[in-house]
Each structure stands twice: as C-alpha cells, then as structure tokens.
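Student: Every letter in the sequence shown is one number past the one before it in the UniProt record's numbering, and letter 622, counting from 1, is 622. All residues carry an ideal CB built from backbone N, CA and C; glycine is no exception. These numbers were taken from a predicted model, which means no experiment stands behind them.
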Amino acid sequence: MVDLVKHWRLCAEEVILNAINMSVQEKQNLSRRGFLKIAGISGTALCLGLYMSAEAEAKVVNPAQVPAEGDIELAVWIIINTDGKVTLICHRAEMGQGVYHSIAQIIAEELEVDLYGVDIQLTQGDEKKYGSQLTGGSSTIRGSYKNLLKLSATAREVLIMAATARWTVPVTECYAELGHVIHKPSGKKFHYGELVAEAAKLTAPKDVKLKARADYKLIGKPSQRRDSPLKTNGEAIFGIDKRIPGLQFAAVERNPRLRGKVKSFDASAALKVPGVTRVFKVVMGIWDTDREGVAVVANSTWAAMQGKKALKVDWDDNGFEHVSSPEIFKHQRELLQTSEGLSVKTQGDPNGIISSAKDKLDVFYETPYQSHSCMEPVNCIAHWQGDKVEIWGPVQAPNWIQDYISKKMGLAREKVIVNMTFLGGGFGRKAMPDYPHEACVISKEMGAPVQVVWSREDDATQGPYRPGISYRGEGVVENGTISAIKFRMAGQNNDHWRSGDSGRPNRSTTEGFLASYFASIKNISFADVPFKTPVPTSFWRSVYASTNGFAYESFMDELAHKAMKDPLDFRREYLKDERSQKLIDKMEEVSGWKSKTKNQGYGVAITECFSSTVGHIVKVSKKNAGGIHIDKVWVVVDCGWYVNPDIIKAQVEGSVVMALGAATIHEITFKDGRVEQSNFYDYKMPRINDIPPTEVYIMENDANAGGMGEPGLPAFAPALTNAIFDLTGKRIRKLPFSLNMV
Numbered sequence: 001m002v003d004l005v006k007h008w009r010l011c012a013e014e015v016i017l018n019a020i021n022m023s024v025q026e027k028q029n030l031s032r033r034g035f036l037k038i039a040g041i042s043g044t045a046l047c048l049g050l051y052m053s054a055e056a057e058a059k060v061v062n063p064a065q066v067p068a069e070g071d072i073e074l075a076v077w078i079i080i081n082t083d084g085k086v087t088l089i090c091h092r093a094e095m096g097q098g099v100y101h102s103i104a105q106i107i108a109e110e111l112e113v114d115l116y117g118v119d120i121q122l123t124q125g126d127e128k129k130y131g132s133q134l135t136g137g138s139s140t141i142r143g144s145y146k147n148l149l150k151l152s153a154t155a156r157e158v159l160i161m162a163a164t165a166r167w168t169v170p171v172t173e174c175y176a177e178l179g180h181v182i183h184k185p186s187g188k189k190f191h192y193g194e195l196v197a198e199a200a201k202l203t204a205p206k207d208v209k210l211k212a213r214a215d216y217k218l219i220g221k222p223s224q225r226r227d228s229p230l231k232t233n234g235e236a237i238f239g240i241d242k243r244i245p246g247l248q249f250a251a252v253e254r255n256p257r258l259r260g261k262v263k264s265f266d267a268s269a270a271l272k273v274p275g276v277t278r279v280f281k282v283v284m285g286i287w288d289t290d291r292e293g294v295a296v297v298a299n300s301t302w303a304a305m306q307g308k309k310a311l312k313v314d315w316d317d318n319g320f321e322h323v324s325s326p327e328i329f330k331h332q333r334e335l336l337q338t339s340e341g342l343s344v345k346t347q348g349d350p351n352g353i354i355s356s357a358k359d360k361l362d363v364f365y366e367t368p369y370q371s372h373s374c375m376e377p378v379n380c381i382a383h384w385q386g387d388k389v390e391i392w393g394p395v396q397a398p399n400w401i402q403d404y405i406s407k408k409m410g411l412a413r414e415k416v417i418v419n420m421t422f423l424g425g426g427f428g429r430k431a432m433p434d435y436p437h438e439a440c441v442i443s444k445e446m447g448a449p450v451q452v453v454w455s456r457e458d459d460a461t462q463g464p465y466r467p468g469i470s471y472r473g474e475g476v477v478e479n480g481t482i483s484a485i486k487f488r489m490a491g492q493n494n495d496h497w498r499s500g501d502s503g504r505p506n507r508s509t510t511e512g513f514l515a516s517y518f519a520s521i522k523n524i525s526f527a528d529v530p531f532k533t534p535v536p537t538s539f540w541r542s543v544y545a546s547t548n549g550f551a552y553e554s555f556m557d558e559l560a561h562k563a564m565k566d567p568l569d570f571r572r573e574y575l576k577d578e579r580s581q582k583l584i585d586k587m588e589e590v591s592g593w594k595s596k597t598k599n600q601g602y603g604v605a606i607t608e609c610f611s612s613t614v615g616h617i618v619k620v621s622k623k624n625a626g627g628i629h630i631d632k633v634w635v636v637v638d639c640g641w642y643v644n645p646d647i648i649k650a651q652v653e654g655s656v657v658m659a660l661g662a663a664t665i666h667e668i669t670f671k672d673g674r675v676e677q678s679n680f681y682d683y684k685m686p687r688i689n690d691i692p693p694t695e696v697y698i699m700e701n702d703a704n705a706g707g708m709g710e711p712g713l714p715a716f717a718p719a720l721t722n723a724i725f726d727l728t729g730k731r732i733r734k735l736p737f738s739l740n741m742v
C-alpha cells in the first residue's frame with residue numbers, strides 16, 4: 001500500500017512541477033524607484049520613515065524635499081504620490097500570520113486613509129532603514145506598533161499643516177479623512193497628493209497626539225485580509241513562483257547523514273536526462289557546519305529532480321556520531337538523573353526542601369524532534385554577479401542572510417541584496433541561511449541566476465528540527481500548598497548553531513512558564529542540563545515554549561492532584577495578578593468548567609510567551625470503539641493591545657491544529673544517523689476530521705501588545721493530556737501519543 005501511495009504522489013508531483021515550470025508568468029521585480037516611475041510620479045512624493053532598533057525605539061525621519069523629476073528613498077513605511085496614491089510598506093515576512101494586512105491596518109488608522117484603497121508592498125532586506133527584519137518571536141506588531149502609530153500620525157499632521165498654510169486657516173479648523181485634508185467651516189478639501197510638495201518642505205512635529213483606543217475606526221476591528229484575494233486568485237508571488245530572466249533550476253542530492261561528505265559520484269545517467277546541463281559537487285553552510293551534496297542544474301525544476309534521482313553517489317560517513325532516537329533520549333534521561341545542570345533561575349531553597357522531603361513528586365517528560373513541514377517547500381533564487389549577489393525567496397530573516405552570506409562568500413554586506421516574497425509557512429525554518437547560501441554557491445558556479453527547490457523528502461530528512469527534549473520535575477506539596485519546585489531540562493540549545501557554545505545555559509529554559517508563578521512560589525529553580533548531538537536544530541513555532549509548556553503545565557496539574565485541588569482553582573491560587581485572575585475567570589465561564597459531568601474529561605493549561613498569556617481548556621470523552629475523542633477546545637487570549645481579532649482567532653486555530661499534530665500524530669526519529677521519515681505518508685498531518693471545534697476569546701485591556709503568531713500553541717498539549725488524565729486516570733508524560741491507544 002505504501003508503494004502505491006508513493007507512486008501516486010510521484011505522479012502528482014510530475015504534473016504539478018511541470019505545470020509550475022510551464023505556466024508561471026514572468027513578472028518584473030520592481031524596486032520602489034521603478035514602482036514610483038511606473039505609477040506616474042512626475043513631481044513630488046512625501047516619504048516618512050523611522051528606524052527601529054533592537055529595543056524598538058523610534059527615530060522619526062523628517063520629510064525631505066524631492067527633486068522635480070524622480071523620487072526619494074528613505075527608511076520609509078509611507079509613500080504618497082502626487083496623484084494621491086498611497087503605498088504602505090510591509091517590512092517583515094508575510095508567512096500566513098497576517099502582518100501584510102496588520103501593519104497596513106495600523107498605519108491606515110492614524111494616517112486616515114482607506115485601508116482597501118492603498119497599495120501594500122513587500123520590501124527588501126535593509127537593516128539601516130527598517131531595523132531588524134527577523135520575523136520571529138511573534139515580534140512584528142509588539143515590537144513596532146507604537147512607532148508605526150507615531151509615524152502615521154506624524155504624516156497626517158504634516159499634511160494638515162500643509163493644507164492650513166495654503167488656506168491660511170488655523171490647524172484646529174482642519175481634519176484628515178480618507179486621504180483628504182478637509183477645512184471644517186467651508187468644506188474645502190485637498191487630497192494628500194495635492195499637498196505633497198508643501199508637506200515635503202515642512203519639519204515634522206516631534207510630538208503628535210495619538211487616538212484613544214475608543215476612537216479607532218480600524219484597529220481592534222475585524223477586517224478582511226488584503227492578501228487573501230491575492231492568494232486565492234494566483235496573483236501573490238511566493239518564492240517558488242518567482243521568475244527572472246535567464247533563470248536556471250537546481251536540485252541537490254545531499255548526504256542523508258547531515259554531516260557526511262561526498263566521496264565520489266557518477267553523473268553519467270543524470271546528464272542523459274533531457275534538460276540537465278551540469279552536475280557538480282556543492283557545499284552548503286548552516287551556521288557552524290557545512291553539508292556536502294551534488295547539484296544537478298537543468299532548464300526546469302522537474303528535469304533537475306529527475307537528474308538528481310539518476311545520480312549515483314558514494315558517501316563518506318566517517319568521523320562523526322551516527323545517532324539513533326532511543327540513544328538520544330536515554331542519554332538525556334541519564335543526564336537528568338546525574339547532573340544538576342547550569343542554573344537559569346533559583347529563588348529560595350528548593351534543593352534543601354526537596355532533598356529532605358519524605359513525600360515528593362519526581363517525574364520525567366519527553367517531547368520529540370519535529371519537522372517544520374511548511375506547505376511551500378524550501379526554495380530560493382540567487383543571481384551571483386561578481387561583486388554582488390541578489391536573492392529572491394521566502395525568507396524570514398533577510399538581515400541574518402546578509403550577515404551570513406557576506407561573511408561566507410567574502411562580499412560587503414550591502415552587496416547581498418535580499419528580496420522578500422510571500423512565504424507559504426515558515427515556523428522558524430525559513431530564518432535559516434542554509435538554503436540561500438546553497439543557491440548562491442550554485443549560481444556562482446553557473447554564472448547565471450539559479451532557483452534551488454527542495455523536495456518534500458529533502459525538507460524532512462535534512463532538517464533543521466525542533467529539538468527533542470527531556471525534562472525532570474521535582475516538587476513537594478505540604479498541606480495542599482506547593483513548598484518547592486525544581487525543573488531541569490536536557491536538550492539541544494539552538495543558540496549553539498548560530499553563535500557557538502558560550503558555556504551559558506539555554507536562555508529559553510523558563511520560556512512558557514508564567515512569570516506570576518515566581519511571585520507566589522517561594523522555593524523554585526530552573527536549570528539547563530547541556531546536551532549535544534550532530535542533529536541540526538532551529539526555532540519552531542513558539543520555540544521552546546512548545547516543549548516547556550507541556551512539561552511545566554503537566555507538572556502543575558500533577559501537583560494540583562497531589563494537593564487534592566481542582567486544577568483550575570489551583571492555578572488561580574498561584575497566578576495572583578489581576579490579568580491572570582481575569583483570564584482564569586473567563587476560561588471558567590466560557591468552558592462551563594464547574595458544570596462538567598462524570599463522563600467528560602476537562603484539562604487546563606496556561607502558558608506565557610512573547611508577552612502574551614494564553615489559556616486552553618480541552619474537553620474529551622471516550623469513543624465507543626476505544627480511544628479518546630476531543631470534543632471541544634476553548635482558548636482565552638490575553639495579548640494586550642491588538643490589531644485584528646479575526647487574524648488572532650485564525651492564528652490560534654492554526655496553532656491548535658499544529659499542536660494537535662505535534663502531540664498525537666507525527667515526530668522525527670533517527671536510526672543510524674539517518675532520519676526515518678521522508679514525506680507526508682510517514683510524517684502525517686492532522687486531517688480536517690481530526691480537528692476539534694475551537695472557540696477563541698480575546699481579553700480586553702490597555703496593556704502593551706504581545707505576540708500572537710506563536711503563543712496560541714504551547715498550552716494545547718498539556719491541556720489535552722490533563723483532560724485525558726481527568727477522564728481516565730492515565731497520566732501521559734511522553735509525546736507523541738495515539739488518541740486511539742489511550
């Protein structure tokens with residue numbers, strides 16, 4: 001049956017790849033300069049911008065006078081043409097999380113323009129203009145919304161100033177609306193384009209008054225995403241769609257043991273495949289190591305992949321450990337039993353209380369390696385041009401790519417040009433520099449632009465992966481109260497792949513654990529037990545919170561039962577801050593927690609990451625044929641200030657789907673140094689009939705914005721396993737597990 005499925009899949013891939021290579025229309029990649037010229041700008045444009053440092057501090061750039069013919073490029077988010085057309089810039093990667101729409105929604109609010117009448121443009125990587133463009137850590141909105149509000153309000157005020165100067169009227173008599181400045185007493189108005197020349201000569205005010213949230217017309221309101229029509233009618237250009245003149249196509253056969261080398265290869269059969277032009281050895285870098293493979297270059301992706309299959313490669317797999325999953329997790333558990341690890345946070349005397357306790361809880365949890373499995377395969381175009389290289393593709397971190405390739409290939413940083421396209425999913429994988437570097441190396445060898453496309457098998461077997469991690473939780477409950485908690489984790493530290501082993505503990509050891517717990521639990525400690533393997537790892541959706549959350553919130557549930565207290569009430573005792581209390585009240589209200597019956601299992605978990613707190617309640621029941629059915633999921637989100645409730649709900653629903661797969665269906669395993677999974681037939685995804693009904697509720701408050709692309713994921717798995725314990729009395733401490741086998 002598996003062979004038949006493989007045959008069907010390969011046939012489908014043939015049809016799809018041929019269609020992509022034959023039917024995708026050539027589209028010109030316009031710079032902002034080219035866009036402005038084509039748009040008909042003949043006089044002046046008002047360009048406003050701000051620089052966002054790592055601390056997200058704003059520096060407003062004053063409007064500048066523009067030449068009579070041409071345009072100006074500053075660190076701009078807003079471009080206004082003389083014809084009144086407004087273009088808003090999206091400086092971060094749009095990979096499904098909604099920033100393409102949300103950034104525009106923020107700017108349009110204070111700028112007073114029609115959200116559906118502006119153009120939105122993805123930009124190039126340019127740290128001098130935009131600050132960090134790393135799209136990760138759910139950072140885009142929470143890191144830039146205040147600056148974007150100030151920027152757009154400043155632009156509005158400069159335009160009003162220009163209008164009042166022309167009319168010789170007080171500023172108080174004018175207001176902005178739908179891209180116009182209107183004189184209240186007379187009803188006279190100018191569209192923004194008519195005011196650009198005057199506005200460009202004015203100095204922007206340093207302080208502008210921002211709207212109160214109650215006065216928002218767009219922010220906080222549901223609105224249809226601007227990118228949805230583009231993605232449904234085929235207009236959106238993802239990395240895999242991108243075409244440039246003279247483009248060639250490459251596929252690479254890489255050593256399946258990740259750190260192995262090429263001993264020799266026979267390209268004779270590959271070169272006989274119609275369309276294949278060259279075959280050569282290639283070395284791709286990923287942070288602190290290199291990977292070797294054989295590149296097949298052709299006139300289409302399909303021909304390159306067929307040539308790749310015809311290759312005969314003899315690999316050199318000596319000189320490094322060939323890991324297997326049982327050995328990895330056995331070693332982690334041994335370390336947790338013998339090592340205290342590197343202290344991350346300690347308060348009170350947890351060691352003393354735990355060591356002297358007559359009755360303590362001492363348990364282990366295990367979470368697996370996971371693939372990112374983005375729906376758009378990894379791909380990248382590079383055009384090496386001697387003194388510079390230009391890249392087009394689905395990238396999450398253009399700044400990182402510029403840094404890496406400039407050092408790796410001996411180019412000035414500004415000579416590495418990164419053009420961002422839409423991403424069909426990223427989840428941290430597409431922040432890595434390996435696939436752009438590989439495309440650059442092949443383009444340099446060919447002396448032509450080349451697109452490298454990874455197959456699904458490449459993605460599954462080459463990684464990088466979310467680290468598999470083991471945890472040990474020790475705790476003491478006395479008189480129904482927590483006396484001490486001690487957590488240790490053993491797993492790979494993602495930072496080591498980027499910057500080497502500094503000897504410091506994993507900075508994400510406490511990620512997912514609510515800060516409020518530290519205020520209520522007097523004796524508590526977290527430690528990182530260093531663990532290394534040759535397996536490449538990287539960020540994954542919610543990073544370490546996705547694994548930490550399972551261990552820490554499962555353990556809190558076990559402590560609640562040891563204290564013989566209701567798990568939700570137990571958390572309420574220790575999460576005493578007002579926001580947490582309100583969150584728990586809402587969770588109890590919407591789920592009917594207090595009215596649950598005997599034949600229903602209810603589980604709760606609350607996690608915090610990227611400045612947002614999210615609580616999940618999962619309801620389960622037994623299936624007649626055996627196993628567990630997930631009846632419903634309630635999610636309550638406290639992300640502070642927010643932009644679009646529809647996007648938040650979509651992100652949480654997607655997080656539930658992804659968390660369900662990671663908890664109950666798929667995992668990456670290793671045997672003799674090789675990954676055992678290769679495609680969706682053995683790394684299965686949840687199907688539509690697996691997805692439980694999910695209700696999402698958003699708390700209203702005036703707190704600063706938190707992230708939302710990732711925080712909706714970590715609490716699901718522990719809420720699910722806690723619900724199963726509530727129903728069956730069976731405690732699940734290892735993921736993934738089968739719902740049908742419980």
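In this structure, what does DSSP give as the bridge partners for residue 695?
Tutor: Residue mapping note: residue 695 aligns to position 695 of the sequence shown, counting from 1. Paired residues: 634.
Student: State the start and end residues of the unbroken alpha helix (DSSP H) segment that holds residue 588.
Tutor: Start at 1 with the first residue of the sequence shown, and residue 588 comes out as number 588. Per DSSP, residue 588 belongs to the alpha helix (DSSP H) from 578–591.
Student: What does the alpha-carbon distance come out to for the pair residue 562 and residue 594?
Tutor: If you number the sequence shown from 1, residue 562 lands on position 562. If you number the sequence shown from 1, residue 594 lands on position 594. So the two alpha carbons sit approximately 20 Å from each other.
Student: Only counting the same chain, and skipping five residues up and downstream in sequence, which positions put a Cβ closer than 6 Å to that of residue 616?
Tutor: Translated into the one-based positions of the sequence shown, residue 616 becomes position 616. Within the same chain, residue 616 has close Cβ partners 605, 635, 715, 716, 719.
Student: How should residue 688 be labelled, buried or exposed, when 16 other C-beta atoms within 10 angstroms of its C-beta is the threshold for buried?
Tutor: Here residue 688 refers to the residue found at position 688 when the sequence shown is read from its first residue. Exposed is the label assigned to residue 688, since fewer than 16 other Cβ atoms lie within 10 Å of its Cβ.
Student: Run through DSSP, which three-state label would residue 22 get?
Tutor: Numbered from 1 along the sequence shown, position 22 holds the residue referred to as residue 22. Confidence in residue 22 is poor, its pLDDT being 38 and thus under 50, which makes the residue's placement unreliable; the coordinate value appears in the next sentence. Here residue 22 sits in helix by DSSP.
Student: Return the Cβ separation of residue 647 and residue 98 in integer angstroms, given the expectation that the two are a contact with Cβ distance under 8 Å.
Tutor: One-based indexing of the sequence shown puts residue 647 at position 647. One-based indexing of the sequence shown puts residue 98 at position 98. With 8 Å as the limit, residue 647 and residue 98 qualify as a contact, their Cβ atoms being about 4 Å apart.
Student: Locate the beta strand (DSSP E) running through residue 706, then write down its first and last residues.
Tutor: As a position in the sequence shown, residue 706 is number 706, starting the count at 1. According to the DSSP assignment, residue 706 belongs to no beta strand (DSSP E), since it is labelled neither H nor E.
Student: Enumerated in chain order, which unbroken segments of the alpha helix (DSSP H) with a length of 4 residues or greater are wholly contained in the region 237–299?
Tutor: 268–271
Student: When every heavy atom of the ligand COA is checked, does at least one fall within less than 7 Å of the C-beta of residue 584?
Tutor: The model on display carries no ligand, and the ligand COA is accordingly not part of it.
Student: Return yes when the Cβ of residue 550 is within less than 8 Å of the Cβ of residue 365, no when it is not.
Tutor: Position 365 of the sequence shown holds residue 365. Position 550 of the sequence shown holds residue 550. Their beta carbons are under 8 Å apart, which means residue 365 touches residue 550 by this criterion.
Student: What do you reckon, are the CB atoms on residue 450 and residue 240 nearer than 8 Å?
Tutor: Walking along the sequence shown from the start, residue 450 turns up at place 450. Walking along the sequence shown from the start, residue 240 turns up at place 240. No, Cβ-Cβ distance for residue 450 and residue 240 is not below 8 Å.
Student: For residue 430, count neighbouring C-beta atoms within 10 Å of its own C-beta (all shown protein chains included) and say buried if the count is 16 or more, exposed if not.
Tutor: The residue given as residue 430 occupies position 430 in the sequence shown. Residue 430 should be labelled buried.
Student: Among residues of its own chain, excluding the 5 on either side of residue 68, which ones have a beta-carbon nearer than 6 Å to its beta-carbon?
Tutor: On the sequence shown, position 68 is the one that residue 68 refers to. Low confidence applies to residue 68: its pLDDT is 36, below 50, so where it sits in the model is not reliable, and the reading given next is rough at best. Nothing listed; no residue qualifies.
Student: Tell me which residues share the same chain as residue 732 and place their Cβ nearer than 7 Å to its Cβ, disregarding the 5 neighbours each side in the sequence.
Tutor: Locating residue 732 in the sequence shown gives position 732, counting from the first residue. Only 721, 724 meet the Cβ criterion.
Student: Residue range of the alpha helix (DSSP H) that residue 325 falls in?
Tutor: Position 325 of the sequence shown, counted from the first residue, corresponds to residue 325. Segment 325–338, the alpha helix (DSSP H) holding residue 325.
Student: Quick check on this structure: which residue in 91, 92, 710, 257 has the alpha carbon closest to the alpha carbon of residue 314?
Tutor: For the purposes of this step, residue 314 is identified with residue 314 of the sequence shown, where counting begins at 1. Nearest of 91, 92, 710, 257 to residue 314, Cα basis: 257.
Student: To the nearest angstrom, report how far apart residue 465 and residue 368 are at their CA atoms.
Tutor: The residue labelled residue 465 in the question sits at position 465 within the sequence shown. The residue labelled residue 368 in the question sits at position 368 within the sequence shown. The alpha-carbon atoms of residue 465 and residue 368 are separated by roughly 10 Å.
Student: Between which two residues does the beta strand (DSSP E) carrying residue 473 extend?
Tutor: Start at 1 with the first residue of the sequence shown, and residue 473 comes out as number 473. Where residue 473 is concerned, the enclosing beta strand (DSSP E) stretches over 469–478.
Student: By DSSP's criteria, residue 388 is part of a beta bridge. Which residues make up the other side?
Tutor: Sequence index remark: in the sequence shown, residue 388 carries index 388 (1-based). In the DSSP assignment, residue 388 is bridged to no other residue.
Student: Alpha carbon to alpha carbon, how far is residue 167 from residue 420? Give it in angstroms, no decimals.
Tutor: Here residue 420 refers to the residue found at position 420 of the sequence shown. Here residue 167 refers to the residue found at position 167 of the sequence shown. For residue 420 and residue 167, the distance between alpha carbons rounds to 43 Å.
Student: For residue 112 versus residue 195, is the C-beta spacing smaller than 8 Å?
Tutor: Position 112 of the sequence shown, counting from 1, holds the residue named residue 112. Position 195 of the sequence shown, counting from 1, holds the residue named residue 195. Their beta carbons are not under 8 Å apart, which means residue 112 does not touch residue 195 by this criterion.
Student: Report the three-state DSSP secondary structure of residue 370 (helix, strand or coil).
Tutor: As a first step, residue 370 is located in the sequence shown; it is residue number 370 there, counting from the start. Strand.
Student: Quick check on the burial criterion: 16 or more other C-beta atoms within 10 angstroms. Buried or exposed for residue 738?
Tutor: Within the sequence shown, numbered from 1, the residue matching residue 738 stands at position 738. It counts as exposed.
Student: Measure the C-alpha to C-alpha separation of residue 502 and residue 530 and round it to an integer number of angstroms.
Tutor: On the sequence shown, residue 502 is found 502 positions in, with the first residue counted as 1. On the sequence shown, residue 530 is found 530 positions in, with the first residue counted as 1. One C-alpha to the other measures close to 11 Å.
Student: Give the straight-line distance between the Cα atoms of residue 290 and residue 279, rounded to the nearest whole angstrom.
Tutor: Numbered from 1 along the sequence shown, position 290 holds the residue referred to as residue 290. Numbered from 1 along the sequence shown, position 279 holds the residue referred to as residue 279. Distance between the alpha carbons of residue 290 and residue 279: 19 Å.
Student: State buried or exposed for residue 132, treating a residue as buried only when at least 16 other CB atoms are found within 10 Å of its CB.
Tutor: Position 132 of the sequence shown, counted from the start, is the residue given in the question as residue 132. It counts as buried.
Student: Can you tell which of 470, 522, 305 has its C-alpha closest to the C-alpha of residue 735?
Tutor: For this step, residue 735 is matched to residue 735 along the sequence shown. The option with the nearest alpha carbon to residue 735 is 470.
Student: With DSSP collapsed to three states, give me the class of residue 200.
Tutor: By one-based count along the sequence shown, residue 200 stands at place 200. Three-state result, residue 200: coil.
Student: For residue 343, which residues does DSSP report across the bridge?
Tutor: If you number the sequence shown from 1, residue 343 lands on position 343. Its beta-bridge partners are 527.
Student: For the alpha helix (DSSP H) that contains residue 616, what are its first and last residues?
Tutor: Residue numbering aside, residue 616 sits at position 616 when the sequence shown is read from its first letter. Where residue 616 is concerned, there is no enclosing alpha helix (DSSP H), although the beta strand (DSSP E) it sits in stretches over 612–622.
Student: If you follow the beta strand (DSSP E) that residue 77 is part of, which residue opens it and which one closes it?
Tutor: Indexing the sequence shown from 1 puts residue 77 at position 77. Start and end: 76–80.
Student: Give the straight-line distance between the Cα atoms of residue 459 and residue 374, rounded to the nearest whole angstrom.
Tutor: Here the question's residue 459 lines up with position 459 in the sequence shown. Here the question's residue 374 lines up with position 374 in the sequence shown. When rounded, the distance between both Cα atoms is 9 Å.
Student: Counting Cβ pairs closer than 8 Å, one from the region 181–199 and one from the region 243–252, do we hit at least three?
Tutor: no
Student: Tell me the residue span of the alpha helix (DSSP H) that contains residue 122.
Tutor: Within the sequence shown, the letter at position 122 stands for residue 122. From DSSP, residue 122 is part of no alpha helix (DSSP H) but of the beta strand (DSSP E) over 119–122.
Student: Between the region 511–528 and the region 344–357, do at least 3 Cβ pairs fall closer than 8 Å?
Tutor: When C-beta atoms of the region 511–528 are compared with those of the region 344–357, three or more pairs fall below 8 Å, so the two segments count as touching.
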